[in-house]
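Asks: Our numbering numbers the first residue of the sequence shown as 26 and each following residue consecutively.
All residues carry an ideal CB built from backbone N, CA and C; glycine is no exception.
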Amino acid sequence: MSNYSLGINAGLKILNDKWAGLIIANLAMTPLDFMDLREKISGINTLNLHNKVSELDQLNLLDLTEDQQITLTAKGEQLKRVLNELERWGDRHASTNLVAEY
26 MSNYSLGINA
36 GLKILNDKWA
46 GLIIANLAMT
56 PLDFMDLREK
66 ISGINTLNLH
76 NKVSELDQLN
86 LLDLTEDQQI
96 TLTAKGEQLK
106 RVLNELERWG
116 DRHASTNLVA
126 EY
């Protein structure tokens, strides 16, 4: 059970940061350059985006291509699938009291 909790904690540590989830979600369909990514994420300033992209790059979730496009790595693609499942779950339960309480 403790290994299971360790895995959940590792995933939630990344997903608990609203910017990380939004960055990964916005890169899910196509690589973007920095300014295009910034335009897609409402409310984040340039410094915060730069810092978060750097953190996700250090975690090997993002990669910067030679033409300055930010893309998901294989590890980032795996996390994207988790986000997709979480979105589907949220969509199914968005109108229930369970979600409304949070």
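When the Cα of Ala50 is compared with those of Arg106, Arg117, Asp116, which residue comes out closest?
Replies: It is Arg106 whose Cα lies nearest to the Cα of Ala50.
Asks: To the nearest angstrom, how far is the alpha carbon of Leu72 from that of Glu80?
Replies: Going from the Cα of Leu72 to the Cα of Glu80 covers about 12 angstroms.
Asks: Can you tell me whether Thr96 is helix, strand or coil according to DSSP?
Replies: Strand.
Asks: Using DSSP bridges, identify the partner residues of Asn87.
Replies: Note on identity: in this sequence residue 87 is Leu, with Asn being the wrong assignment. For Leu87, which the question treats as bridged, DSSP gives the partners Leu97.
Asks: Measure the C-alpha to C-alpha separation of Asp42 and Ala99 and round it to an integer number of angstroms.
Replies: Rounded to the nearest angstrom, the two C-alpha atoms are 20 angstroms apart.
Asks: Count the other C-beta atoms from every protein chain shown that fall within 10 angstroms of the C-beta of Ala119, then say buried if there are 16 or more, exposed otherwise.
Replies: With fewer than 16 Cβ atoms within 10 Å of its Cβ, Ala119 is classed as exposed.
Asks: Can you give me the start and stop residues for the alpha helix (DSSP H) that Met60 sits inside?
Replies: First-last of the alpha helix (DSSP H) with Met60: 59 to 65.
Asks: What first and last residue would you give for the alpha helix (DSSP H) that runs through Gly46?
Replies: 43 to 51 is the extent of the alpha helix (DSSP H) around Gly46.
Asks: Going straight from the alpha carbon of Met60 to that of Asn70, what length do you get?
Replies: Taking the straight line from one Cα to the other gives about 11 angstroms.
Asks: With DSSP collapsed to three states, give me the class of Ile39.
Replies: The answer is helix: DSSP assigns Ile39 an H, G or I state.
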